[in-house]
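Presented below is the structure to which this report refers.
Here's what the structure looks like:
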């Protein structure tokens, strides 16, 4: 078990004032099968009341509305997570994680990788587990990519990313999801935080004997106690950390994000 102190901050600046700004935040880690979260504090600027609900995937969703003109929007989430991968609690099985989702539908590039992975899985021992198979698939996904910031967007599909052989953590996760599901494994997308400084991270979890076990294809390793889960779903579209709408006149926006996770000794 590790005690991780997290600090997630997003700053959005607008080129001219906006009004009637409606937003939805899905950026608050919560207690779940592999972590206990305490001392959470959420700050939104300009200040407004937040309505908090739980979505269909058990993620915390905060919704707000700022009617007044403003040229910036900031939010910050801080807290402490006790993460224990050695004692992951069981969850009920959901069949939807075996099927294609909007961003993971295979095309020629993904289908070719599926064929490569199936051949590799055939060489595994007869008693190979779902985790053994997921590890082999993760290795093939890792070898198929060059990590290239800025080469994709939040709308890029698994097929598009793999076809150009470049992407970021979201793309690695989407490709691994696509391959796993077509190789008979239930797999879900995870949005979260990883130890250190930087942006948010994404990885994959595989269902194995009642528990979801994490794999990080971007780093080609299994998830450990340095990872904090924020949200999970079928793909990125179920785990969008912030979305919103506003009124404005030819408004341009710039975004700055920083995620910090540091261990404190127990």
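Residue numbers (my numbering): 761 to 1026.
Glycine included, each C-beta is placed from N, C-alpha and C at the ideal position.
All values derive from a computational prediction rather than experimental measurement.
| Asked | Found |
| --- | --- |
| Delimiting residues of the beta strand (DSSP E) encompassing residue 782 | 762-785 |
| Sequence-distant residues of its chain with Cβ nearer than 6 Å to residue 976 (five each side left out) | 963 and 983 |
| For residue 1015, the residue or residues it bridges with in DSSP | 772 |
| With 16 other Cβ atoms within 10 Å as the buried cut-off, status of residue 960 | buried |
| Closer than 7 Å to chain C by CB, residue 915 | Annotation note: the requested chain C is absent from the structure, which comprises a single protein chain. |
| Among 991, 898, 849 and 850, nearest to residue 822 - alpha-carbon criterion | 991 |
| Exposure label - residue 1007; buried when at least 16 CB within 10 Å | exposed |
| Contact check, residue 765 vs residue 1024, beta carbons under 7 Å | yes |
| Residue 1016, buried or exposed, once every other Cβ within 10 Å from all chains shown has been counted against 16 | exposed |
| Span separating the alpha-carbon of residue 831 from that of residue 808 | 15 Å |
| Whether residue 945 touches residue 966 by CB criterion (7 Å) | yes |
| Own chain, CB closer than 7 Å to residue 850, minus 5 neighbours either side, in chain order | 970 and 971 |
| 7 Å Cβ shell around residue 878 - same chain, five flanking residues per side excluded | 943 |
| Beta-carbon spacing of residue 778, residue 1011 below 7 Å | yes |
| Three-way DSSP call (helix, strand, coil) for residue 958 in this model | strand |
| In DSSP terms, what residue 934 is bridged to | DSSP, once it has assigned bridges, lists no residue as partnering residue 934. |
| Terminal residues of the alpha helix (DSSP H) in which residue 878 lies | 868-882 |
| Continuous alpha helix (DSSP H) stretch holding residue 902: start and end | 890-904 |
| Beta-carbon proximity check, residue 767 vs residue 926, cutoff 7 Å | no |
| Cross-strand partners of residue 841 (DSSP beta bridge) | 764 and 797 |
| Nearest to residue 1018 (by Cα), restricted to the options 999, 843, 834 and 859 | 834 |
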